[in-house]
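*Asks:* One structure coming up, written as structure tokens, with questions to follow.
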Amino acid sequence: MKICVVGSGYVGLVTGGCFSEIGNHVVCADLAKDKIDNLNQGILPIYEPGLEEMVKRNAEKKRLTFSANPSEAVKGVDVIFVAVGTPSRSDGGAHLGYVDDVAQMVAENITKDVVLVLKSTVPVKTNSRIRNIVKDSKFKVHVVSNPEFLKEGEAVADFMRPDRIVVGIVDGDQYAQDVMQRLYHPVSLNHEKIVLMNPESAELTKYVANTMLAMRISFMNEVSTLCEKVGADVHSVRHGVGSDARIGTRFLYAGPGYGGSCFPKDVSALVHTGRDNDVEIELAVATDKVNQRQKGVLVRKLRKKLGGDLRGKKIAVWGIAFKPKTDDIRESPALTLIDAVLADGGIIAAHDPIAADNARNLYSGKNNISIVDDEYDAAKDADALVLVTEWRPYQSPDFEKLKEVMKQPYIVDGRNI
10 MKICVVGSGY
20 VGLVTGGCFS
30 EIGNHVVCAD
40 LAKDKIDNLN
50 QGILPIYEPG
60 LEEMVKRNAE
70 KKRLTFSANP
80 SEAVKGVDVI
90 FVAVGTPSRS
100 DGGAHLGYVD
110 DVAQMVAENI
120 TKDVVLVLKS
130 TVPVKTNSRI
140 RNIVKDSKFK
150 VHVVSNPEFL
160 KEGEAVADFM
170 RPDRIVVGIV
180 DGDQYAQDVM
190 QRLYHPVSLN
200 HEKIVLMNPE
210 SAELTKYVAN
220 TMLAMRISFM
230 NEVSTLCEKV
240 GADVHSVRHG
250 VGSDARIGTR
260 FLYAGPGYGG
270 SCFPKDVSAL
280 VHTGRDNDVE
290 IELAVATDKV
300 NQRQKGVLVR
310 KLRKKLGGDL
320 RGKKIAVWGI
330 AFKPKTDDIR
340 ESPALTLIDA
350 VLADGGIIAA
360 HDPIAADNAR
370 NLYSGKNNIS
380 IVDDEYDAAK
390 DADALVLVTE
400 WRPYQSPDFE
410 KLKEVMKQPY
420 IVDGRNI
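Residues 10 to 426, numbered by the numbering used here, are exactly what the sequence shown covers, in order.
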């Protein structure tokens, strides 16, 4: 098939790269000319294991191309994926301006009937909203909701071996259903992965799935606080609870709170969607409240250990990305820690094997913070070391070397590893 993916960020690049890998001809379009110029030179704006090699391989085969002119890129294609951002508004809802703009552009520039697939995470009723925008197009636009369920750090594997493919289609649109089944057939060979439903159900499924996972994290973080009070081991509790097949072990790890581009935004969006419909999603509200409190747990431990005053204290931070195998630092618990230490007058030396450049850009021009290239250099003369992200190199450190280089051998293990 001929596919256009509008938006060449995380979701768009993974989608475009993977569809080209299974034989489709894909053009990834984006208005950001600098980004497209870099992509044409093999330079990706994100880090994702396996993606760079896939993009380069398919670009060389001419199955994957890049365009800074979306209006031209949509001409003559069979399927158009919308993968633009839907950032949070101040009230917690999703900003849909970019999605609306793409829909209008598609309606005005397509040269044949197309399937327009909403891959961006959008609130309930967005499919209906987009159908209204494109209804006057000269050609038929079949609007489909197909939310992504890609885990950062494992996105290529998630696309190629999905647990499920949620597809929301207006009742009676057999053409769109046939196209989506053909499109995803290569990744559904062992058994049918597509879960068909109406668009409203598909849109809500994404928010509910991420909120439920975030809820498990927040719940275990509350349990970990109780464990500290009563002398229990949260690892043992997790193992005992997770051994129940009805519960399972995933997303039951206590830590400094969740971050990234999805969980915080999607929890807030679900709360906002509920309130728009006179439903208070109280568990989602509590999930966010617990997470905000948990993000401060590391600096509270530092203050308690170091006499309540971090002024002039050097704090080493291992891990800045919100999770391993990604360079994404958005909403990372490490940023909450770093900002709090700096606000207290402390000094930060931080290390991350992948996300260092993003952190340098974020803190460019700030005093009392350095992002270093070696984790043990970060620990040199430190009053404390805080492990925030559970990268592999941090999981079995040289404790003798740390004891030698640190001012005092105090480590806060934010991931219980």
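Built from N, CA and C at the ideal position, the CB exists for glycine as well.
Could you spell out where the beta strand (DSSP E) holding C37 opens and where it closes?
*Replies:* Note, C37: beta strand (DSSP E), H34 to A38.
*Asks:* To which residues of the same chain is F28 closer than 6 Å at the C-beta, ignoring the five residues directly before and after it?
*Replies:* If we look at F28 and ignore the five residues flanking it on each side, its Cβ neighbours are I12 and V35.
*Asks:* Out of V217, M221, V152 and P156, which one is the CA nearest neighbour of V188?
*Replies:* Considering only alpha carbons, the answer is V152.
*Asks:* Work out the CA separation of V239 and S97 for me, nearest whole Å.
*Replies:* If you take the alpha carbons of S97 and V239, they lie about 39 Å apart.
*Asks:* How about A92 and V143: are their beta carbons less than 9 Å apart?
*Replies:* In this structure, V143 does not lie closer than 9 Å to A92 by Cβ.
*Asks:* Start and end of the alpha helix (DSSP H) containing M206?
*Replies:* Here M206 belongs to no alpha helix (DSSP H); instead the beta strand (DSSP E) covers I203 to M206.
*Asks:* Among residues of its own chain, excluding the 5 on either side of V397, which ones have a beta-carbon nearer than 8 Å to its beta-carbon?
*Replies:* Within the same chain, V397 has close Cβ partners P265, L307, V326, W327, G328, I329, S341, P342, A343, L346, G423 and R424.
*Asks:* Of the residues D318, A116 and L315, which one's Cα is nearest the Cα of K149?
*Replies:* Of the listed residues, the one whose Cα sits closest to K149 is A116.
*Asks:* For E384, I'd like the list of residues in its chain whose CB is within less than 6 Å of its CB, leaving aside the five on either flank, ordered along the chain.
*Replies:* Hits under 6 Å: W327 and H360.
*Asks:* How is the beta strand (DSSP E) around V176 delimited, first residue to last?
*Replies:* That run of the beta strand (DSSP E) goes I174 to I178.
*Asks:* Going by DSSP in three states, L222 sits in which element: helix, strand or coil?
*Replies:* It is helical.
*Asks:* Please state if the CB of V88 and the CB of M206 are separated by a distance shorter than 9 Å.
*Replies:* Their beta carbons are not under 9 Å apart, which means M206 does not touch V88 by this criterion.
*Asks:* Give the straight-line distance between the Cα atoms of N141 and Q113, rounded to the nearest whole angstrom.
*Replies:* Their Cα atoms are separated by approximately 10 Å.
*Asks:* Quick one: Cα of K134 to Cα of M221, how far?
*Replies:* Distance between the alpha carbons of K134 and M221: 21 Å.
*Asks:* Return the bridge partner residues of C271 from the DSSP annotation.
*Replies:* In the DSSP output, where bridge partners are listed per residue, C271 has none listed.
*Asks:* With distances taken from CA atoms, which of E163, T130, P171 and F168 is nearest S154?
*Replies:* Ranking the options by Cα distance to S154, first place goes to T130.
*Asks:* Please go through the same chain and pick out, in chain order, the residues whose beta-carbon is closer than 8 Å to the beta-carbon of L235, but skip the five residues on each side of it.
*Replies:* Around L235: A241.
*Asks:* Provide the residue(s) that pair with A452 in DSSP beta bridges, ordered along the chain.
*Replies:* Past the boundaries of the shown model lies residue 452; the chain is included only from 10 to 426, so the question cannot be answered.
*Asks:* D422 lies in the beta strand (DSSP E); which residues open and close that run?
*Replies:* D422 -> beta strand (DSSP E) spans I420 to D422.
*Asks:* Using a Cβ-Cβ cutoff of less than 6 Å, which residues in the same chain neighbour D167 once the five nearest sequence positions on both sides are dropped?
*Replies:* The residues are L159 and K160.
*Asks:* Please give me, in chain order, every unbroken run of the beta strand (DSSP E) with length at least 3 that falls completely inside the region 143–177.
*Replies:* The qualifying runs are 150–154.
*Asks:* Let's see if you can read the secondary structure: which residues bound the beta strand (DSSP E) around S17?
*Replies:* Premise fails: S17 is in no beta strand (DSSP E) and is neither H nor E.
*Asks:* Are the CB atoms of N286 and E212 within a distance shorter than 9 Å?
*Replies:* No; because the gap between Cβ atoms is not below 9 Å, this pair is not in contact.
*Asks:* Assuming A391 and K313 are in contact, meaning their beta carbons sit under 8 Å apart, how far apart are those beta carbons, in whole angstroms?
*Replies:* About 17 Å separates the two Cβ atoms, so there is no contact after all.
*Asks:* Taking the C-alpha atoms as reference points, what is the distance between F90 and G102?
*Replies:* Answer to the nearest angstrom: the Cα atoms are 22 Å apart.
*Asks:* In terms of residue numbering, what span does the alpha helix (DSSP H) encompassing L346 cover?
*Replies:* First-last of the alpha helix (DSSP H) with L346: P342 to A352.
*Asks:* Over the uninterrupted beta strand (DSSP E) stretch that includes L73, give me the two end residues.
*Replies:* Residues L73 to S76.
*Asks:* Say yes only if the C-beta of H34 is nearer than 8 Å to one or more non-hydrogen atoms of the ligand MN, and no if none qualify.
*Replies:* This structure simply doesn't include the ligand MN, nor any ligand for that matter.
*Asks:* Just reading off the beta strand (DSSP E) that S379 is part of, what are its end residues?
*Replies:* Counting along the chain, the beta strand (DSSP E) containing S379 begins and ends at I378 to I380.
*Asks:* Quick check on DSSP: helix, strand or coil for V111?
*Replies:* Helix at V111.
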